[in-house]
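**Q** Below is one structure. I have some questions about it.
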Amino acid sequence: MKKKSFIRSLMVSYLWTAILPLAVILGIFFVNTVKNSQNIVEEKAESSARLISAQIQSLMDNMSFLSVHLVNNIMFSAKGLNYPHNTLVKEEQYYSGIQSECCSYAIEDSLYRVIFFTDRGYYIKSEEYNVDYNCRYRLPGEELEGIGWLETARTNYGKSLILPVNGHKIPLDDRKTLTLARAIRDPGKVVGYLCIQVEAEYLDEIFKIGEQSGAEVLLFDSSQGETVYSTSGFPSELVRTEDQTADLSLLEKDYLVIREEELNGLTTVLISPRKEIYASALQEICILLVEGIGLLVLTVFFICYYTRKMTKPLKVLTAQMSSMTLENLNAGEENTVPPSYDEIRYLYEGYQDMQRHLDQMIQKEIASKTLRIQERLSSLQAQINPHFLYNTLNVIGIMGSEARQPRIYRACLRLSSLLRYSIADKNDSASTIGMEIENITGYLELMKLRFEHHVEYRIQCGQELENVEVPRLFLQPFVENVFEHAYNGEQRVVHILISCRQEGEWTAVSVMDDGRGMGEEELEHLKERIEEHKNTPVSEQIKKMKDGIGVENTIMRLSFFLGEDFRYSLENREEGGFRVLLMIKRKVTEEDEKDQSADCGG
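Just so you know, UniProt numbering puts 431 at position 431 of the sequence shown, and the rest follows in order with no gaps.
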């Protein structure tokens, strides 16, 4: 009876709240659609015009930003390139500086092309890294002749000029491009010209927004009164005219005309034939009418069908929830539920995820405590009479000093310090970046005694990061890895760089060398093993982390203890060598909160 009562109640509720109002709405919509179709199309056209205008504005803003950025970066070199008494070396130096900045946009997926030239004929472009030109090349005189916008650029005090796609000449460039040009000025004179270009095909992609609604698009410069670009179907007589405002008013009889002005002086015009608007509105009315009738016919059938499907998985889910215990937390996936509404399926899947996550959290907490107890026991076992080892190393060091062997003395002191740090009694296995840097410095000094001038190292770490809390001995395995893979039997110098920096709430620690790196197969195998360990049950991870402190085990330990607060990257450098990047999320301490409060108060 309850099930039938539920279906009956649902049917009555749906009829009153959906079917009957829907029938009324369809009737009203049928009467008013013809009258409102033009307003609907106008809204679509205005939306398309705003979107096109916004994208054009964004494009021009980016081009303007790149122009200002490049002018600031190449101003000095451009001034130097025009010095009358330059040596060839200085000329090459200034030219290379400008070339380096311009060619920074030479990547394949960059929208922007950069061209730089001067009145003296120097020429640089970003395509193919300027391989066809150098500081000795000069533009032919005829290339600079007939460029009408140069005089305007020389006299407008460095302001940007928007050059239409089909209207102005660029030296050694006959492509269809939208160009933002400007003169680079040294007080009192022009030292060069900078052009930022975008292919016309990119404008076509933007204008397709209007074409999707059956509209043609025109872009013109209001300040100059000239067309910048237009789609192929835009009326040609309007594209050629100089008084576009007057002609736009004449088009309003047969076209819906939308204007959108931008902050940079450009105006976007979108026109759509009125006859197509009416035809589209009538077609939409017919489609909606057919769909409404079909919906009315099928509604009752689908209500009965889906209501029965909905109640069955709800009963299964209710029974499973009532029988849940700690012993069957991980048994949720064994129960299958027939297909149902998305909401019910999501509810059931969410309940299964909750069971699985709860079971994993319990198992992880148990395993974490077990691992900490094991590490504590190992630490205590490693500290059995450590002073015997310290004293022995000190005696050997003193003997080396007395025998005038300072290398033996320094090696013993370094080894004693490393031993003391590695087996120190730390209940939480925590340390700081400063302590880790001090320990790794001792290790590198010890390795330098072994490899002498064949190893050079540099450590970059600001004082503000020295007190950042990190896991103990997390850095040494990655430095040891350098000496395992960097040398290939050659008598060469390997440079090691260890750097620490703050990136927002993350502390980034990198270990980088210029050795021979790690074999690609070996590196891929290492990454696969690490990911495989991450996906294994927690108990299996504990077994695999009991022994060793190598790269693989260290990353597993960091991932286990820090979870989402840890990221890493292992890669061979393109220029040679290997790079390890460790990202540890910094914990906000009370002192940090006080500092932030003080900064806000100041």
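Note that the Cβ used here is the ideal one computed from N, Cα and C, for glycine as well. Computed from a prediction, not measured in an experiment: that's the story for all the values here.
Give me the Cα-Cα distance between residue 453 and residue 445, rounded to the nearest whole angstrom.
**A** For the purposes of this step, residue 453 is identified with residue 453 of the sequence shown, where counting begins at 1. For the purposes of this step, residue 445 is identified with residue 445 of the sequence shown, where counting begins at 1. If you take the alpha carbons of residue 453 and residue 445, they lie about 11 Å apart.
**Q** Along the alpha helix (DSSP H) that carries residue 150, what are the first and last residues, could you check?
**A** In the sequence shown, residue 150 corresponds to position 150, counting from 1. Residues 149-155.
**Q** Count the other C-beta atoms from every protein chain shown that fall within 10 angstroms of the C-beta of residue 266, then say buried if there are 16 or more, exposed otherwise.
**A** Against the sequence shown, residue 266 aligns to sequence position 266. Residue 266 should be labelled buried.
**Q** Taking the alpha-carbon positions, what's the residue 415 to residue 526 distance?
**A** In the sequence shown, counting from the first residue as 1, residue 415 sits at position 415. In the sequence shown, counting from the first residue as 1, residue 526 sits at position 526. Each residue's alpha carbon lies about 30 Å from the other.
**Q** Taking just the CA atoms, how far does residue 572 sit from residue 521?
**A** Translated into positions along the sequence shown, residue 521 becomes position 521. Translated into positions along the sequence shown, residue 572 becomes position 572. Cα to Cα, residue 521 sits roughly 12 Å from residue 572.
**Q** To which residues of the same chain is residue 186 closer than 6 Å at the C-beta, ignoring the five residues directly before and after it?
**A** Translated into the one-based positions of the sequence shown, residue 186 becomes position 186. Excluding positions up to five away in sequence, the list reads 79.
**Q** Cβ of residue 149 within 8 Å of Cβ of residue 161?
**A** Mapped onto the sequence shown, residue 149 falls at position 149. Mapped onto the sequence shown, residue 161 falls at position 161. Going by C-beta atoms, residue 149 is nearer than 8 Å to residue 161.
**Q** Buried or exposed, going by whether 16 or more other CB atoms sit within 10 Å of the CB of residue 472?
**A** Taking the sequence shown and counting its residues from 1, one reaches residue 472 at position 472. Label assigned to residue 472: buried.
**Q** In chain order, what residues of the same chain have a beta carbon less than 6 Å from the beta carbon of residue 458, not counting five sequence neighbours either side?
**A** Within the sequence shown, residue 458 is the residue found at index 458, counting from 1. Answer for residue 458: 497, listed in chain order.
**Q** How many angstroms separate the CA atom of residue 130 from the CA atom of residue 99?
**A** The count along the sequence shown starts at 1 and reaches residue 130 at position 130. The count along the sequence shown starts at 1 and reaches residue 99 at position 99. If I take the Cα positions, the gap works out to 7 Å.
**Q** With DSSP as the reference, label residue 232 as helix, strand or coil.
**A** Within the sequence shown, numbered from 1, the residue matching residue 232 stands at position 232. Three-state result, residue 232: coil.
**Q** Run through DSSP, which three-state label would residue 460 get?
**A** Translated into positions along the sequence shown, residue 460 becomes position 460. Of the three classes helix, strand and coil, the one that applies to residue 460 here is strand, per DSSP.
**Q** Determine the DSSP secondary structure at residue 380, reduced to helix, strand or coil.
**A** Here residue 380 refers to the residue found at position 380 when the sequence shown is read from its first residue. Reliability of the predicted coordinates at residue 380 is poor, the pLDDT of 46 falling under 50, and no value is obtained from them.
**Q** Comparing C-alpha positions only, which one of 95, 574 and 112 sits nearest to residue 618?
**A** Absent from the model: residue 618. The displayed extent of the chain is 1 to 602, so no value can be given.
**Q** What residue does the alpha helix (DSSP H) around residue 603 start on, and which one ends it?
**A** Look at the range of the chain in this structure, 1 to 602, and you will see that residue 603 is not part of it.
**Q** Could you pull out every residue in the same chain whose Cβ sits closer than 6 Å to the Cβ of residue 190, ignoring the five residues on either side in sequence?
**A** For this step, residue 190 is matched to residue 190 along the sequence shown. Closer than 6 Å at the Cβ level, and outside the excluded window around residue 190, lie 154 and 183.
**Q** Does DSSP classify residue 164 as helix, strand or coil?
**A** Residue numbering aside, residue 164 sits at position 164 when the sequence shown is read from its first letter. Residue 164 falls in the coil class under three-state DSSP.
**Q** Rounded to whole angstroms, what is the Cα-Cα separation between residue 77 and residue 114?
**A** Locating residue 77 in the sequence shown gives position 77, where the first residue counts as 1. Locating residue 114 in the sequence shown gives position 114, where the first residue counts as 1. One C-alpha to the other measures close to 16 Å.
**Q** With a Cβ-Cβ cutoff of 8 Å, do residue 260 and residue 49 count as a contact?
**A** In the sequence shown, counting from the first residue as 1, residue 260 sits at position 260. In the sequence shown, counting from the first residue as 1, residue 49 sits at position 49. Yes, the pair counts as a contact, with Cβ atoms nearer than the cut-off.
**Q** Tell me the rounded alpha-carbon separation between residue 102 and residue 232.
**A** In the sequence shown, counting from the first residue as 1, residue 102 sits at position 102. In the sequence shown, counting from the first residue as 1, residue 232 sits at position 232. If you take the alpha carbons of residue 102 and residue 232, they lie about 33 Å apart.
**Q** Determine the direct distance from the alpha carbon of residue 75 to that of residue 151, and round the result to whole angstroms.
**A** One-based indexing of the sequence shown puts residue 151 at position 151. One-based indexing of the sequence shown puts residue 75 at position 75. Their backbone Cα atoms lie some 20 Å apart in a straight line.
**Q** At 4 residues or longer, what runs of the alpha helix (DSSP H) sit wholly inside the region 172-220?
**A** Runs found: 200-211.
**Q** State the DSSP-derived secondary structure class of residue 145, mapped to helix, strand or coil.
**A** Taking the sequence shown and counting its residues from 1, one reaches residue 145 at position 145. The answer is coil: DSSP assigns residue 145 none of H, G, I, E or B.
**Q** Considering only the beta carbon of each residue, do residue 200 and residue 257 sit closer than 8 Å?
**A** Along the sequence shown, one-based indexing puts residue 200 at 200. Along the sequence shown, one-based indexing puts residue 257 at 257. Cβ atoms of residue 200 and residue 257: not closer than 8 Å.
**Q** Restricting to Cα atoms, I'd like to know which of 188, 465, 422 and 474 is closest to residue 503.
**A** Working through the sequence shown from its first residue, we reach residue 503 at position 503. Here the closest residue by C-alpha is 465.
**Q** Hey, out of 88, 295, 56 and 476, whose CA is closest to residue 198's CA?
**A** Position 198 of the sequence shown, counted from the start, is the residue given in the question as residue 198. With distances taken between Cα atoms, residue 198 lies closest to 56.
**Q** To the nearest angstrom, how far is the alpha carbon of residue 411 from that of residue 447?
**A** As a first step, residue 411 must be located in the sequence shown, where it is residue number 411. As a first step, residue 447 must be located in the sequence shown, where it is residue number 447. Taking the straight line from one Cα to the other gives about 9 Å.
**Q** Using 8 Å for Cβ pairs, my map puts residue 583 next to residue 508. What's the rounded Cβ distance?
**A** By one-based count along the sequence shown, residue 583 stands at place 583. By one-based count along the sequence shown, residue 508 stands at place 508. At roughly 5 Å, the Cβ-Cβ gap stays under 8 Å, so residue 583 and residue 508 are in contact.
**Q** Measure from the alpha carbon of residue 236 to the alpha carbon of each residue in 216, 173, 221 and 141, then state which is nearest.
**A** Within the sequence shown, the letter at position 236 stands for residue 236. It is 216.
**Q** Quick check on DSSP: helix, strand or coil for residue 262?
**A** Position 262 of the sequence shown, counted from the start, is the residue given in the question as residue 262. Here residue 262 sits in coil by DSSP.
**Q** Using the C-alpha atoms, what's the distance from residue 562 back to residue 9?
**A** Along the sequence shown, read from residue 1 onward, the residue named residue 9 stands at position 9. Along the sequence shown, read from residue 1 onward, the residue named residue 562 stands at position 562. C-alpha separation (whole angstroms): 52 Å.
**Q** Candidates 482, 505, 85 and 500: which alpha carbon is nearest residue 494's?
**A** Stepping through the sequence shown from its first residue, residue 494 is reached at position 494. Among 482, 505, 85 and 500, the Cα nearest to that of residue 494 belongs to 482.
**Q** Look at the alpha carbon of residue 550 and the alpha carbon of residue 557, and state the distance between them as a whole number of angstroms.
**A** Here residue 550 refers to the residue found at position 550 of the sequence shown. Here residue 557 refers to the residue found at position 557 of the sequence shown. One C-alpha to the other measures close to 10 Å.
**Q** Checking 8 Å against the spacing of the C-beta atoms, do residue 45 and residue 270 come in under that value?
**A** The residue labelled residue 45 in the question sits at position 45 within the sequence shown. The residue labelled residue 270 in the question sits at position 270 within the sequence shown. Yes. Within cutoff.
**Q** Quick one, which of 565, 586, 569 and 52 has its alpha-carbon nearest residue 268's?
**A** One-based indexing of the sequence shown puts residue 268 at position 268. That would be 52, whose Cα lies nearest to the Cα of residue 268.
**Q** Can you tell me where the alpha helix (DSSP H) with residue 441 in it begins and where it stops?
**A** As a first step, residue 441 must be located in the sequence shown, where it is residue number 441. Here the alpha helix (DSSP H) through residue 441 covers 433-451.
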